[in-house]
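Participant: Just dropping this structure here.
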Amino acid sequence: MMRALLSRAFAIAACPLLSPCSAYAADLTATKTATVLSDPLGNAAPKSLPGAVVEYKVLFTNPVGNTGKTVDTMRIDDALPASVVLRVANLATGTGPIEFADGGLVGLLASGLTCSFASLSSTTDCFDFYDGSSWSYAPTPDAQGYDARVRAIRIKPGANFRVLGSFQIRYRVMIR
């Protein structure tokens, strides 16, 4: 498997409720990795070719600089590159297309956040999909489980993000 560390900007909004946004907490840390899981040629060491499946993992951490500050409203927008298509079928039973895993390495340092998937059309779970015109887009999987109309994903976890806590999101795309 090929693995790469990506440094790409995320739109992360984290501002305490009912407070002026000048009271922003310190920047959260986001580390994104991409792993090529398979390619259409069936290579033992898969390559980033059209038709290849790539898994993204993004680890978010609330730094010690936020001690004494409450991060209780958070929204993460992740725009997809034009060269990929989002897998909208379940990653595993009941997870939906985006998996939220609380805590860092081996589940230590839990974030304190909650995030669940209800359905692709839900307006009450913590995931939204953007089709270029609306964040209320309800993806429809094609025969392979992908939806080419999704251009960005949004994660809106609930509760307070603990200092030094972390969580990870995981999702898959196919290279066009």
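According to mature numbering (1 follows the signal peptide of the UniProt record, and there is no 0), the stretch in the sequence shown is residues -25 to -1, 1 to 151, in order. Heads up, the beta-carbon is just placed ideally off N, CA and C, and yes, glycines get one too. None of the values given here were measured: they were computed from a predicted structure.
1. Tell me, please, which residues DSSP counts as bridged to Thr4.
2. First and last residue of the beta strand (DSSP E) that includes Phe102?
3. In angstroms with no decimal places, state the Cα-to-Cα distance between Arg147 and Gly43.
4. My understanding is that Phe142 touches Ala76, with C-beta atoms under 8 Å, so please give their C-beta distance in whole angstroms.
5. Quick one: Cα of Met149 to Cα of Ala57, how far?
6. Determine, using beta-carbon pairs with one atom in the region 4 to 12 and one in the region 26 to 34, whether at least three such pairs fall under 8 Å.
7. Within 10 Å of its beta-carbon, does Gly140 have 16 or more other beta-carbons around it, so buried, or fewer, so exposed?
8. Buried or exposed: where does Gly71 fall if 16 or more other Cβ atoms within 10 Å of its Cβ makes it buried?
9. Considering only C-alpha positions, which residue in the set Pro114, Ala54, Ser13, Leu83 is nearest to Val138?
10. In whole angstroms, what separates the C-alpha of Thr99 from that of Gly107?
11. Mind listing, in chain order, the continuous beta strand (DSSP E) runs of no fewer than 3 residues lying wholly within the region 88 to 134?
12. For the beta strand (DSSP E) containing Asp77, name the first residue and the last one.
13. Taking the Cβ atom as the reference point for each residue, do Gly133 and Cys101 lie within a distance shorter than 8 Å?
14. Report the option in Asn135, Gly120, Ser111, Gln119 whose CA atom is closest to the CA atom of Arg129.
15. Which runs of the beta strand (DSSP E) at least 3 residues long sit entirely within the region 45 to 74? Give them in chain order.
16. Any idea if Asn18 is buried or exposed, counting beta-carbon neighbours within 10 angstroms, 16 or more meaning buried?
Facilitator: Taking the geometry as given:
1. Thr36
2. 102 to 105
3. 36 Å
4. 6 Å
5. 11 Å
6. yes
7. buried
8. buried
9. Leu83
10. 21 Å
11. 102 to 105, 127 to 130
12. 74 to 77
13. yes
14. When Asn135, Gly120, Ser111, Gln119 are compared, the shortest CA-CA separation from Arg129 is found for Ser111.
15. 49 to 54, 59 to 62
16. exposed
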